[in-house]
Every structure is written in structure tokens, then in C-alpha cells.
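Colleague:
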Amino acid sequence: MTRLITSAVPTARRRPVRASSPLRRVARIATALWLPVLLVALWWAATASSTSPFFPPLGDILVETWNQWVVFGAWTNAVSSLRNLLIGYVFGTLIGLIGGSLLWRLRYLRIAANPLIYFLYVLPAPALLPAMIAIFGIGDMRQVALIALGSIWPTLLNTLDGMRGIDTVKFDTAKALRLGGWRTYFSLVLPGAAPQIAAGLRASLTVGIILMVVSEMVAARSGIGYFILQSQAEFAIKKMWTGIIVLALIGTLLNYLFVLVERVTLRWYYRSRALGGS
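Here numbering that gives the first Met the number 0 is used: the first residue of the sequence shown is 0, the next is one more, and so on.
#1: Identify whether L115 lies in helix, strand or coil by the three-state DSSP scheme.
#2: Under the three-state reduction of DSSP, which class applies to G87: helix, strand or coil?
#3: By how many angstroms is the C-alpha of A45 removed from the C-alpha of G87?
#4: Does the stretch 240-258 come close enough to the stretch 111-131 that 3 or more CB-CB pairs lie under 8 Å?
#5: Return helix, strand or coil for M140, following the three-state DSSP convention.
#6: Buried or exposed for K238, going by 16 or more other Cβ atoms inside 10 Å?
#7: Distance, Cα to Cα, I243 vs S79?
#8: Have a look at A197 and I60 and give me their C-alpha separation to the nearest angstrom.
#9: Let me make sure I understand the geometry here. Which of W42, T154, G179 and V212 has the alpha-carbon closest to that of P56?
#10: Are the beta-carbon atoms belonging to G149 and G207 less than 8 Å from one another?
#11: Span of the alpha helix (DSSP H) holding I60?
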């Protein structure tokens with residue numbers, strides 16, 4: 000029922016999908032990796048003979064990364080950061096999804112709340128850090144609350160825009176099929192807005208990672224941001240660079256993981272779009 004309403008794709012235009020050859024797979028991987036590999040190679044070559052305390056050789060940084068984050072147990076900072084990020088992100092995006100759905104359904108509430116929503120949306124979340132410290136103290140709750148607050152708005156606004164952009168003909172089809180309110184919501188509204196909701200969730204993830212680091216750099220006792228700031232304060236520059244590299248790797252892996260989950264969850268959408276454009 001969901002696919003019939005949300006994506007009516009003509010069957011006459013469907014073409015058999017050929018399995019990609021190993022050579023094509025290698026070409027796709029090379030296309031995706033050549034620039035990062037080139038930049039890392041340039042970084043390695045440019046700093047190989049560096050004596051600057053601020054830009055040590057990349058080889059030394061990688062050795063220090065292994066020592067700090069594997070041998071000496073700094074990985075506990077990453078665990079602390081990811082725990083706070085997960086809790087704050089889940090709470091924030093859940094509030095955004097429910098809030099966006101309510102604003103789409105209740106027109107008068109949407110009109111009344113519109114100025115407040117955009118006021119909070121443009122307000123930089125790091126500016127609220129002193130207030131968060133005053134309210135929640137210096138524990139993990141303050142970091143979770145800040146991440147959740149920043150994660151709400153991209154999901155909420157994308158959910159609202161996605162639901163408002165659904166074709167009214169589909170609602171007429173749902174009425175003709177005598178679908179109730181909740182069945183219409185789960186069979187038509189959510190699937191129809193799912194691609195834009197996914198875009199909001201991904202934007203919320205990026206915001207959440209940024210706020211995770213920012214919250215750990217002020218009045219924190221653990222986390223990647225705390226590790227980076229403490230290393231800088233101790234003038235342990237190589238140690239500081241290891242935190243930056245680990246943070247970049249974690250952010251990259253989380254984004255690729257999100258894309259993978261999105262591709263699996265919205266397989267029907269990407270398949271229908273590919274067939275429609277073939």
C-alpha cells in the first residue's frame with residue numbers, strides 16, 4: 000500500500016539491472032578515494048622533515064595516535080563522547096520528528112509557533128552553553144541536553160517541509176481507499192516525506208557532532224573535545240593532533256554509516272528514482 004501511494008513507477012520503463020563487474024567496482028572505489036589519498040600523501044611529504052613543534056611529521060602523529068588511543072587507553076574519551084552523542088541525537092531527532100508532524104497537522108499551531116521556531120533555529124546552540132552549565136551543572140546531562148537541542152531543528156523543519164510537499168492527489172487516493180488518519184500517516188505521510196526527513200536527520204547528526212565537541216571543551220571531565228583542549232593546554236601538540244584525527248575519523252564513519260542505513264531504509268525510493276530517470 001505504501002509503495003502504491005508514494006511511488007507509482009511505470010513498469011514499462013523498467014530495465015534489467017546488470018551486476019557491476021569487479022573492474023567497475025574498483026573504478027568506483029578509486030574515484031572516491033583518489034583525492035583523500037593524494038591529500039594524505041601530500042601531508043606526509045610536506046611534513047616528513049618538519050621540525051616545527053606545531054606541525055610534526057604525519058608519521059609521528061600516526062604513531063602517537065596508536066599509542067594514545069590504543070595502548071594508553073584514551074579510547075575511553077571516544078566512548079564517553081559517542082554515548083552522549085547517541086543519547087542527545089536520539090532525543091533531539093525524536094522531538095523534531097514528532098514536533099514537525101504536529102506542526103504539519105495543526106495549522107494554527109504552526110502559524111503561532113513559526114516565529115519562535117525560527118528564532119530558536121537561528122540562535123547558535125553554543126551560545127546557550129553557559130545557561131546549560133547553570134541549569135544542568137558540569138555533568139554529562141549538560142552535554143546531552145545541548146546536543147539534543149541542536150539536533151531538533153534540522154529534523155523538525157525538514158519533516159515539516161517534507162510533509163507539506165506531499166501531492167494532494169495522494170491524499171485524495173487515501174480517502175478513496177478509506178484509510179483512517181493513522182493509516183494515512185504511516186502509509187502515506189511518513190513514506191512520502193521520508194527522503195527529506197532523512198536529509199534532516201543527517202544534518203542533525205552533523206550538528207550533534209559539532210556540539211558534542213564544543214560541549215566537551217568547557218567544564219568537562221572526559222570526551223574527545225576535552226582530550227584535545229587538555230593536550231593543547233599541556234603543549235602536547237602531537238597528542239592534540241591525534242585527537243583531531245580520531246574526531247575526523249569518527250565523524251566520517253558516522254556519516255558513511257548513516258548513508259548506508261539510509262540506502263537500505265529508502266531502497267524503494269532510490270530504486271523508483273533510478274527507474275524513473277532511466
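Positions of the beta carbon are idealized from the N, C-alpha and C atoms, including for glycine.
Modeller: On the basis of the data shown:
#1: helix
#2: helix
#3: 39 Å
#4: no
#5: helix
#6: buried
#7: 16 Å
#8: 36 Å
#9: W42
#10: yes
#11: L57 to W65
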